[in-house]
Amino acid sequence: YAGYVGLSASFSYAAAALIVGEAGWARAARPFMLIAWIALTCGIALGSWWAYYELGWGGFWFWDPVENASLMPWLIATALLHSALATERSGAFRTWTLLLAIGGFSLSLIGTFLVRSGVLSSVHAFASDPTRGFFIMVLIFCAIGGALGLFAWRAHTLQGGATFETVSRESVLLLNNVFLVGACAAVFVGTLYPLGLDAMTGQKISVGPPYYALTFAPIFFALLLLVPFGPQLGWRRGDAKAAFRALVPALGLGGIAALAVLAMVSPRTLTGILAFAVAGWLIGASILDFLKRKGARASAFAAALAHAGLGVTLMGVAGTTLWRSEALDVVGPGETMTVGPYTLRFDGVAQVRGPNFQATQAQLALMDGGRVVTVLRPEKRVYPAEGQEVADTAIRTTGVRDLYLALGDDRGNGRWTVRAYVSPLAPFIWLGALVMAAGGFLSLWGRLRVKLAAPSPATQPAE
C-alpha cells in the first residue's frame with residue numbers, strides 16, 4: 346500500500362503541472378516515483394514469498410487477481426520512471442509521462458477496489474465490505490474521470506519538447522514504454538474480463554497461467570531483449586553500430602548461459618534456453634554498464650543494478666517453473682520417499698500446541714546413505730479462533746535449490762500424504778527482487794543527496 350499511496354504523489358504532481366502548465370514537474374516528482382516503485386517491488390516480492398512459504402502448493406505466483414492488482418501498477422510505474430527520465434533529460438514524452446502518472450494511480454485505485462471490496466475470493470483479499478467497495482468505486486470514477494478531463498483540457502499547454510533520431514535512447518525508452526503498457530494491458534484484460542463477464546451474464550470463468558504464457562510472456566521477453574540498448578545509446582542521437590559492438594560481450598554471456606542449459610539441464614526446453622540466454626544478456630549488459638561508469642558516484646550504477654536484478658529473477662522464475670521436481674506419496678513411519686536427488690524417511694507425526702494454534706507436525710529425515718542430514722518438520726495448523734486450517738511448509742535451501750515439503754491428509758494407520766518439491770534456483774527470484782530494489786534505493790539516494798547538498802534560497806549570498 347505504500348506503493349499505491351506513493352503513486353498518488355506522482356498523480357498530484359501531474360495534475361498540478363496540467364493546471365499551471367509546469368513542464369519541469371518530472372524532476373520534482375521523480376523521488377516520489379522511485380519511492381512508489383521500490384515499495385511496489387518489495388511488496389510484490391514479499392507477497393510471492395508469502396505464497397511460496399505459507400500456502401503449501403510449491404509455487405510463488407498463480408496470476409491471482411489480487412496479485413495482478415499489484416503487478417499492473419508496478420508495470421506502469423516502471424514505464425513512468427523511464428518516460429520521466431526522458432522528459433527530464435531531453436523534454437521528450439511530456440504529455441505521455443503525464444498520462445502514465447494518471448494511469449499508475451488509477452490502477453492503484455482499481456487494485457484497492459479489487460482487494461478491499463470483496464468482489465474477489467482470494468487468499469490475498471480482505472474481508473468483504475460492499476459499502477467500502479461502493480465508496481472506492483465512486484472515488485475511482487471521480488479521480489480517473491477528473492484527471493482524464495483535465496488532461497484533455499490542458500495537455501496541449503505542455504506539448505512540444507526536443508526531437509530525437511530514430512536511433513537514440515529516447516527511441517529505446519519509447520519502445521520500453523510500449524512493451525510495458527502492452528504487458529499491463531494483457532494483465533488488465535486477464536484480471537477484469539472474468540469479473541465483467543460474471544457481472545453482465547452470470548457466467549463464471551477463470552483466466553490462468555496459459556493465457557499469460559501466450560500474452561504477457563512474449564511481450565515481456567521482447568522488453569528484456571531491448572533493455573541493454575538504452576544505456577549504450579546517446580540522448581537524441583545514438584550510434585547503433587557502436588552500441589552493438591559494446592554489447593558483444595553481453596551477447597557472449599547470454600550464449601554461454603544458453604549452452605550451460607543445453608549441457609547441464611534436463612529436460613531441455615526452448616523456453617528454458619531462451620530464458621537463460623536473455624538473463625545472461627541482461628546481467629552481462631549490466632556488468633558492461635558498471636564498467637562504463639567506473640569511478641562515477643554510486644547512484645550512477647542504479648539502473649545497471651536494477652537491470653541485473655531483473656536478470657537474476659528471470660533465472661529463478663525459469664528454474665522453478667521449468668525444472669521443478671515433484672513427488673506426492675502416502676508414507677507411514679519408517680518408510681521413505683524420493684524427490685529429485687533427495688531421499689526422505691517419514692518418522693511419524695506429533696501434536697504441537699502454539700500460542701494461538703494447534704498443529705500436526707510431521708518428522709521427515711533427510712537421508713544421505715544411512716546418515717540423517719537434518720530433520721524437516723512440515724505442519725498442518727488449525728487456528729481455533731478463526732476456524733482456519735493452513736499449511737506450514739518445511740523448506741531446506743542450499744542457496745541455489747530448495748527442498749520443499751508440505752503435509753497433506755491423514756490416510757489412517759499412521760500414514761500421511763506428503764507433497765515434496767525440488768525447486769532449482771528458487772531463491773534467485775527474491776534475490777533478484779532485492780537487487781532491483783537496491784537499484785531503486787541507489788537512484789533515490791542520489792536524488793536526495795543532490796537536493797540536500799543544494800543551498801536553500803535563504804543561505805545563498807545576496808547579490
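The sequence shown begins at 346 in the working numbering and counts up one residue at a time. Each residue gets a CB set at the ideal place from its N, CA and C atoms; glycine is no exception. These numbers come from a predicted model, not from an experiment.
Ranked by how close their Cα comes to the Cα of Leu650, the residues Ala663, Leu636 and Met378 have Leu636 in first place. Exclusion of the five residues before and after Ser644 leaves Leu787, Ser788, Trp790 and Gly791 as the residues of its chain whose Cβ lies within less than 7 Å of its Cβ. Each of Tyr687, Leu542 and Ala605 was checked against the Cα of Ser670, and the nearest Cα belongs to Tyr687. Residue pairing by DSSP places Trp761 opposite Val676 and Asp755 in a beta bridge. When the beta-carbon positions are compared, Asn521 and His652 stay at least 9 Å from each other. Between Trp580 and Ser435, the beta carbon gap of about 5 Å places them in contact (Cβ cut-off 8 Å).
DSSP places Ser670 in the strand class (E or B) of the three-state scheme. Uninterrupted alpha helix (DSSP H) stretches at least 4 residues long and entirely within the stretch 360-422 occur at 370-399, given in chain order.
Taking the Cα positions, Val526 is about 7 Å away from Leu420.
Sorting Gln708, Ala362, Ile774 and Phe561 by C-alpha distance to the C-alpha of Thr666 places Ile774 at the top. By the 16-neighbour rule on beta-carbons within 10 angstroms, Leu559 is exposed. The alpha-carbon of Asp692 is positioned some 19 Å away from that of Ala736. One Cα belongs to Lys639, the other to Gly575, and the distance between them is close to 18 Å.
Under the three-state reduction of DSSP, Leu578 is assigned to coil, being neither helix nor strand. In the displayed model, Tyr749 falls within a strand according to three-state DSSP.
A straight line joining the alpha-carbon of Phe486 with that of Ala672 spans about 49 Å. For the 9 Å CB-CB criterion, Leu752 and Glu724 form a contact.
If you compare the alpha carbons of Ile564, Ala544, Gly541 and Leu503 with that of Ala528, the shortest gap goes to Ile564. Three or more beta-carbon pairs separated by less than 8 Å link the stretch 385-399 to the stretch 776-786, which places the two stretches in contact. For Arg461 against Ile481, the beta-carbon gap comes to about 6 Å, under 8 Å, which counts as contact.
Residue burial is scored here from C-beta neighbours: Arg375 has at least 16 other C-beta atoms within 10 angstroms and is therefore classed as buried. By the Cβ neighbour-count rule, Ile447 is buried, with 16 or more other Cβ atoms within 10 Å of its own.
The shortest CA-to-CA distance from Trp406 to any of Glu367, Pro554 and Leu425 is the one to Pro554.
Thr546 counts as exposed, since fewer than 16 other beta carbons sit within 10 angstroms of its beta carbon. Judged by DSSP secondary structure, Ile550 falls outside any alpha helix (DSSP H); it is assigned neither H nor E. Between Pro594 and Arg716, the alpha-carbon positions lie close to 46 Å from each other. A direct Cα-to-Cα measurement between Asp754 and Tyr766 gives close to 17 Å.
Under DSSP, Ala704 shares a beta bridge with Val697 and Arg726. The continuous alpha helix (DSSP H) containing Arg461 extends over residues Arg439 to Arg461.
With the rule of 3 Cβ pairs closer than 8 Å, the stretch 410-425 counts as touching the stretch 451-460.
In the assembly as shown, Ala361 is an exposed residue. Its beta-carbon has fewer than 16 other beta-carbons within 10 Å. Secondary structure of Arg638 (DSSP, three-state): coil. Between Ser353 and Phe438, the CB-CB gap reaches or exceeds 9 Å. For Ala507, the secondary structure class from DSSP, reduced to helix, strand or coil, is coil. Annotation: the continuous beta strand (DSSP E) that includes Ala739 extends over Ala739 to Thr742.
In the three-state scheme derived from DSSP, where H, G and I count as helix and E and B as strand, Val350 is classed as helix.
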